[in-house]
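Below is one structure; the comments refer to it alone.
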Amino acid sequence: MKALVYHGPGKKSWDEKPKPTITEATDAIVKIYKTTICGTDLHILKGDVPEVTDGRILGHEGVGIIEEVGTAVTNFKKGDRVLISCISSCGKCDYCKKGMYSHCEKGGWILGHLIDGTQAEYVRTPFADTSLYHIPENTDEEAMVMLSDILPTGFECGVLNGHVKPGDTVAIVGAGPIGLAALLTAQFYTPAAIIMIDVDDYRLEQTKTFGATHTINSEKEDAAAKVLSITENKGVDVAIEAVGVPATFELCQSIITAGGHIANIGVHGKSAVLHLETLWSKNITITTRLVDTVTTPMLLKTVSSKKIDPTKLITHHFNLNDIVNAYDTFQNAARDKTLKVILTNE
Ligand SMILES: NC(=O)c1ccc[n+]([C@@H]2O[C@H](COP(=O)([O-])OP(=O)(O)OC[C@H]3O[C@@H](n4cnc5c(N)ncnc54)[C@H](O)[C@@H]3O)[C@@H](O)[C@H]2O)c1
Ligand SMILES: [Zn+2]
Ligand SMILES: [Zn+2]
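The numbering of the sequence shown is my numbering, which starts it at 242 and goes up by one.
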């Protein structure tokens, strides 16, 4: 079969690889139908994730059709259409029992990281019964791909951890796919205002069609001053960080109101300053989280019933065998006005 293979920092190619086989009784082999590229894949290619070794097939998102299941798999059979979660969960360890699948002792984020991933014609998915989801009849497969990672990430790490409530004022820093997933799912709770902050005018313009009430380009304006003027000098109830650099985490601290929640989503490579000298008395909560995908079944219902439409996030389509070009488009998001790309294996 063909697959997108990582060959060390900056190097990847569309290579011939052996088709995966069942190695554990709890495995399934899935024929990929649609997959995508994540910002995390770009982090891997930059060399930021050294556990990923030469020869690894990338990708942790996608939908497909079950080709074969191990003898212990009872929920799925050959021919079933499935959503693949970016997090593999054994369902049995202490963390899985707490609903913290991201820290599963045998799973967690392993696809396209510690084991071969989904940017391939076939993938081996471990713990199939607890890591795959049936795709309901008449549900758009491309919408489902947004459920592998970005929707649960924006919702769990941003909206749930941020405790978004009716009438709240919410600021989301970062209008990439993850910030937009938080924007879409925050609206389950009918906040009064959602302020999107980014440095890319095209992305900010798009957020208005996704439900943003205000936008701020933090390169052109003083974002903290503008948020304070929008909120009558109070600040926001919820600040969601969806970039992953010190400046944006620090911005969240300067716009939070008393009693507010700062929910960090971004993956950080450097320390950020915690301004306890101003925050110690403000009764705020700061949260961090690696996506657990524990809300995937609930989000799947909201997507299949069209309560939210994540296909709005898809800007480009490619054939799977054209994935090297798709990476170029995804890597040059500002140039090509890219949000999410869909790769189809036909
Ligand atoms: N916690 C988790 O489980 C989890 C899961 C997936 C992704 N993430 C992380 O979430 C973050 C967002 O992911 P994404 O795929 O949307 O990334 P992305 O790179 O597509 O989007 C980031 C956005 O931030 C904007 N930006 C950059 N610098 C900025 C600044 N100084 N001020 C304001 N905006 C700025 C960019 O213009 C871009 O629109 C990343 O750090 C990613 O690694 C976390
Ligand atoms: Zn991802
Ligand atoms: Zn587990």
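Glycine included, every Cβ here is placed at the ideal spot set by N, Cα and C.
Any heavy atom of ligand 2 counts here; residues with a Cβ closer than 5 angstroms to one of them, in chain order, are C279, T281 and D390.
With distances taken between CA atoms, K511 lies nearest to V484 out of L299, H354, T394 and V484. Minimum Cα-Cα distance from H375 among the listed residues I325, I435 and G332 corresponds to I325. Taking non-hydrogen atoms of ligand 3 into account, the C-beta of S470 is found less than 7 angstroms away from none of them. Taking 8 angstroms as the cut-off, the beta carbon of K581 is found no closer than this to the beta carbon of T371. Following the DSSP letters along the chain, one finds L584 inside the beta strand (DSSP E) bounded by residues K581 to T585.
Scanning G251, A269, Y274 and K258 for the CA closest to the CA of L561 turns up Y274. Residues close to ligand 3 by the beta carbon criterion (under 5 angstroms to any non-hydrogen atom) are, from first to last along the chain, C331, C334, C337 and C345.
Measuring C-alpha to C-alpha distances from E309 to each of E482, K319 and L421 identifies K319 as the nearest. Beta-bridge pairing by DSSP links I527 to I503. In the pairwise beta carbon analysis, the stretch 332-345 is classified as not touching the stretch 293-304: fewer than three pairs are separated by under 8 angstroms. Nearest neighbour of K287 by Cα position, chosen from H301, E383, I270 and H248, turns out to be H248. The beta carbon of R530 sits closer than 7 angstroms to at least one heavy atom of ligand 1.
Closest by C-alpha distance to G311, out of K461, T262 and Y342, is T262. For the stretch 360-422, the continuous beta strand (DSSP E) assignments of 3+ residues that do not extend past its boundaries occur at 363-366, 373-375 and 410-414, in sequence order.
Cβ neighbours of W521 within its own chain (closer than 8 angstroms, five residues either side excluded): none. Under the three-state reduction of DSSP, A433 is assigned to coil, being neither helix nor strand. Ranking A384, V440, C345 and D321 by CA distance to the CA of T556 puts A384 first. According to DSSP, residue pairing for K253 in a beta bridge involves Y247. Membership of I325 in the beta strand (DSSP E) is indicated by the continuous run R322 to I325.
Taken in chain order, the unbroken stretches of alpha helix (DSSP H) that lie wholly in the stretch 451-522 and span 4 residues or more are 464-471, 487-495 and 517-520. For V532, no beta strand (DSSP E) segment is defined, and its DSSP state is neither H nor E. If you ignore the 5 residues before and after D442, its C-beta comes within less than 7 angstroms of the C-beta of N458, all in its own chain and listed in chain order.
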